[in-house]
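In mature numbering (1 follows the signal peptide of the UniProt record, and there is no 0), the protein residues as written are -27 to -1, 1 to 666.
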């Protein structure tokens, strides 16, 4: 394999970085690892050259047949062009002998080892060592190129390749020198002076201030330019400083809070700031070193922290940046889930607004540390009750909030007292879950019916038909769980249903049962009343009359009552009562004349009772007369016996269907029937006597 060749080249849309060519020969194994540096926010080209087998044909390689990758999973390498972390920032440029990976808008997270592969070749056909990319600041340094007694020529150099015509910024004793933009700078100096430089556009990454010919010039150097720390943790910010004179005072401050005191031009000592009271400590372990420790970090602590000092003739007032602290609230984010019968397979990401210096994370499952995974991504099976959290390595005590499936919901009913029909009722469901749960309400009515989405289910005017079992389901990406509540709506009795048994005509002396029922909650109490009577006749759903008489006829009312109200229904009862003698006469009359005469007796009316008594008396007298006449004729003619016997049988059978009569018509009928009967008997007797002479 040829050694990798490197050379500068302009990259589109950003700073120019290295033009790398990694030569790959199919017949050989093992590749030399190449390291390169790129500036954050710039564009980098990583180039791989290859030589195809000698086939006599030379054609361009399609980008569809190649891939660049950094990670290898079980199913194979992950193509950067389809990786969400590189979305919109990656392009491939391939020809007959080379393929170039271009990454734009570089981020610190892009620092990785990049490898190339042909898709249609076995996995061994790619650069096994790859190209290691480090994305950092410009990492510039001030170098003294010429030095005279009081004059110096300086150069600003970077370990990472810079653009073809970069612009620079120079600083003297922390103050910006406005007119200088080249990489070299010359000036007259004194031993107390210090110098620094930065690439324009990357002022956050200046070179450390240097003394020209001594180590006691005025300068402040910060150990770290940026620190990422989790909320609630503690952080230490370091710096070194020196001065050509004895220092009278020194302290840490925040530029944004320097104008809150009585003298706006003076920075405010952070140890005297009420916002940091009890949370700030200053340490000076040895001369020329200072440490600022901030505990119980808050979101508002995210800021730039600077150090200053005063001597009898000098005050360090720097335009150079200090250390930028970013306080982040770690959060476990669900990337993808796959549901199984008893578990959920979840792919998770530890999300933060910044990355730790080492880029290492720690994962905790059910409070137990996972010792195998130290990246921001984590995947595992989760069961009911499991919880997961993450932390920066070195800040294990400041973990993210735990992620877990919903716990058993709490369901409340308002109002909490008995629910009455027509009232307003609200069901509320809540569950402890992270991510927050989504809620769905179901009604169990044979099947489960989905009613509403959201933590509340509201009935503006609840009805008795709403009495049922209701289920609240709490669900997030890691699982679901349900809890039920039974709603029992109370209501006053509905209109009672009243029935009578037997349902046919009621005969005197028979047994009658009245039954009353009403839909009510709570169950109704029943009371029976008779018309025009103040006292109740009975209580309970069933009212029995064992020997029904004429005086039992009338209107009966059933009242159904519970504590919410009452309702009643009425039933009219009447009795059928007619003497057999009357029935015989009416039936005999019906044989003489076509048709029959039907009369009705309605005990429901007061006058019907008196008419019934008159009919009974006259019927009884008629019966006595018939018996006397029958006895007389039996002594006179034996032949008439059979006739009378048959007549009596027919009359008795017909009397069973004879309807009741009204009083006036009944009286006329009785006397008319008596007169006609006596006349027929006389004629019959006369003919019999004459025929015997």
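Every residue gets a Cβ at the ideal spot worked out from N, C-alpha and C, and that includes glycine.
Within its own chain, the residues whose Cβ lies closer than 8 Å to the Cβ of residue 545, once the five positions on either side in sequence are excluded, are 527, 528, 529, 577, listed in chain order. Of the candidates 479, 352, 513, the residue whose Cα lies closest to the Cα of residue 521 is 479. Residue 300 is a Cβ neighbour of residue 275, given a cutoff of 9 Å.
Residues 62 of the same chain have their beta carbon placed closer than 6 Å to that of residue 78, with the five preceding and five following residues left out of the count. A distance of 9 Å or more separates the beta carbons of residue 109 and residue 250. Between residue 454 and residue 381, the beta carbon gap of about 6 Å places them in contact (Cβ cut-off 8 Å).
In this structure, residue 73 and residue 8 do not form a Cβ contact; the two beta carbons are roughly 18 Å apart against a cut-off of 8 Å. When 44, 336, 525 are compared, the shortest CA-CA separation from residue 58 is found for 44. The closest CA to that of residue 463, considering only 483, 493, 476, 445, is found on 493. Taking C-beta atoms as the reference points, residue 540 and residue 468 count as a pair closer than 9 Å. Within the DSSP bridge table, the entry for residue 353 names 319 as partners. Taking residue 497 as the centre and dropping the five residues before and after it, the same chain places the C-beta of 466, 491, 533, 534, 535 closer than 7 Å to its C-beta, in chain order. A direct Cα-to-Cα measurement between residue 516 and residue 456 gives close to 46 Å. Looking at 506, 297, 333, 216, the one whose alpha-carbon comes closest to that of residue 199 is 297. Taking the C-beta atoms as reference points, residue 178 is found nearer than 9 Å to residue 112.
Residue pairing by DSSP puts residue 63 in a beta bridge opposite 76. Shown here, residue 346 sits in coil according to DSSP, grouped into three states, outside any helix or strand.
The continuous stretches of beta strand (DSSP E) do not include residue 257, and DSSP gives it neither H nor E. In this structure residue 354 is exposed. Its beta-carbon is surrounded by fewer than 16 other beta-carbon atoms within 10 angstroms.
A residue is called buried when at least 16 other Cβ atoms come within 10 angstroms of its Cβ; residue 424 does not meet this threshold and is exposed. The DSSP-derived three-state label of residue 148 is strand. Annotated three-state conformation of residue 221 is coil, per DSSP. Scanning its chain for C-beta atoms nearer than 6 Å, with the 5 sequence neighbours on each side dropped, one finds around residue 71 the residues 20, 22, in chain order.
Counted as a single uninterrupted DSSP element, the beta strand (DSSP E) harbouring residue 23 occupies residues 17 to 24. With respect to residue 203, residue 54 sits apart: the two C-beta atoms are not nearer than 9 Å. Residue burial annotation: residue 227 is buried, with at least 16 other C-beta atoms found within 10 angstroms of its C-beta. Taking residue 352 as the centre and dropping the five residues before and after it, the same chain places the C-beta of 320 closer than 6 Å to its C-beta, in chain order.
At the C-beta level, residue 291 and residue 303 stay beyond 9 Å of one another. Under the three-state reduction of DSSP output, residue 119 falls in the strand class. Ranked by how close their Cα comes to the Cα of residue 119, the residues 146, 159, 138, 147 have 159 in first place.
Straight-line measurement puts the Cα of residue 185 at about 8 Å from the Cα of residue 125. The Cβ neighbour count for residue 435, taken over all protein chains shown within 10 Å, is at least 16; the residue is labelled buried. Between residue 143 and residue 129, the CB-CB gap stays under 9 Å.
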